[in-house]
Structure formats: C-alpha cells, structure tokens
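With my numbering applied, the sequence shown covers 809 to 1002. Built from N, CA and C at the ideal position, the CB exists for glycine as well. Since the structure is predicted, the reported quantities are computational estimates derived from the model, not experimental observations. Here's the structure we're looking at; comments come further down.
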Amino acid sequence: MRTGVAFSISNEAFVSKADPAICGFSNTFEGTESILFAERNSEVLCYVSSDPTKARATAELDRIDNAGDQFGIPRCCQMHFRKNWEKIRKQGGDLFAPLVHSVAADATARINWQCNSAAMYFGGGLCWHFPCSPSCTETIALVNQRVEQLGSIDPDLTASLVEIQRQEFFLSKDGNYKTCVDFSEMSAIHVVPF
Ligand SMILES: [Zn+2]
C-alpha cells in the first residue's frame, strides 16, 4: 500500500547541546555515535518526503552538511554557510550573531523580518537556515512563500510564527539573546526586524 509519505532515519544518533546563550536552542550536537550503540538521551534525525529515494538521499547528504538543495535553502545562503560554518561551529554554532554585528550601527541592527533566523531561538519562526545577509532576497521570497502556504492551512499558527519573526530583541556582548536587557548590558545590540 502506498501512503504517499516516506521517511529515512539517520544511521547515527546524536546528543543535542542546549545552549543557554540562545535560550536553550541547539545549533550543534555534543556527541555522535552509531545508532546501534545509542544511549537513551540520544536522538536520531528523521527525513520525511513523498518520495522514498529523496528521503534517503537527503539523509545521506545531510551527513556531510550538503543537503541544502534538498531542504530548499537558497544557494547564496548555502555558500555563506559552507564558508563560515567550520569556524562558527567550534564557537557554538550561532552563525546569526556575526550577521547582527555586521549591520549594527549605534547599537542597533535592522534586519528584514523574513531573515530573522534568531526567531528559532525564541520558540518558533519561519526562517530555518542562516541567511547570507540581513536582506537576502531569496530568503525573503522563501519565507513569504511559507507564510502563504502555511497561512492557507493554519492562519493562527502562521500569525504567531510571524509575530516571533518580527519581535525585537537584544544580543549582548557575550552572545546572549534576550528580549530585554538590564543596566549592566547596556552595550547590547538592539535588533529590530522590519
Ligand atoms: Zn542568501
């Protein structure tokens, strides 16, 4: 029987590294092992597709951080990731912070709301990759498309995710993301999605 949905599971298991600086979100794994020896706190990755061959191919490509096309990530942002990920991964994996610093002027960084991938740190959002610029036109088009498609299925969920995308926040000097700052952190960058 054909259900129309196929999935493939990674052959490795991972232990997520919840990072308090990014509100407990996890950009990296702290451990990887064969699925045969996985501990109870491990996770596996599940790739879902309408095409079994695509699900399997995506699992294989993601093992080598090369499944950008399969995930629909714009080529410009894939290039940005490949160029910078190895260095950033060793520092915790927050490739969004350098983008904020690159556009910050007078302690304020203005970023197109569709390119605000930090929304994921605040519990949701619609930008699931690190954009190559604060106004990446490919990312803006992709997120607008998600708003339209998801909006036709669940308008309330879509509205709440857009709200998180547009929420202003602060990035402190030591790389912490917060929705408000105290006086000791006055040098934090105020990030304004617009
Ligand atoms: Zn881009």
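Taking R890 as the reference, which of L979, A846, C940, I948 has the closest Cα? Per the Cα distances, C940.
Simplified DSSP assignment, three categories, for K825: Residue state, collapsed to three classes: coil.
Would you mind reading off the limits of the beta strand (DSSP E) that contains I919? Segment 916 to 919, the beta strand (DSSP E) holding I919.
For S941, verify whether its CB is less than 7 Å away from any heavy atom of ligand 1. Answer for S941: yes, Cβ within range of ligand 1.
When you compare each of A917, F904, L853, Q975 to G983 by their alpha carbons, which one comes out closest? Among A917, F904, L853, Q975, the Cα nearest to that of G983 is on F904.
State buried or exposed for A996, treating a residue as buried only when at least 16 other CB atoms are found within 10 Å of its CB. Counting every other CB atom within 10 Å of its CB across the protein chains shown gives A996 a total of 16 or more, marking it as buried.
Where do the ends of the alpha helix (DSSP H) carrying V951 lie? Counting along the chain, the alpha helix (DSSP H) containing V951 begins and ends at 945 to 961.
When you compare only the Cα positions, how much space is there between L853 and I896? Linking L853 to I896 through their CA atoms gives a straight-line distance of about 22 Å.
With a threshold of 7 Å, establish whether the CB of P906 neighbours any heavy atom of ligand 1. It does not: the Cβ of P906 is nowhere closer than 7 Å to a heavy atom of ligand 1.
Straight-line Cα distance separating D873 from V911: Taking the straight line joining both Cα atoms gives about 27 Å.
What three-state label does DSSP hand I830 in the structure shown? In the structure shown, I830 sits in a helix (DSSP, three-state: H, G or I).
Figure out for me which residue from I961, G900, L844 has the closest Cα to the Cα of E838. With distances taken between CA atoms, E838 lies nearest to G900 out of I961, G900, L844.
Counting C-beta neighbours from all protein chains within 10 Å, is the total for M809 16 or more, i.e. buried, or is it exposed? Residue placement at M809 cannot be trusted, given a pLDDT of 49 that sits under 50; what the coordinates show is reported in the next sentence. Per the 10 Å Cβ criterion, exposed.
Cutting at 8 Å between CB atoms, please list the residues of its own chain near A826, excluding the five before and the five after it. Answer for A826: G832, F833, S834, listed in chain order.
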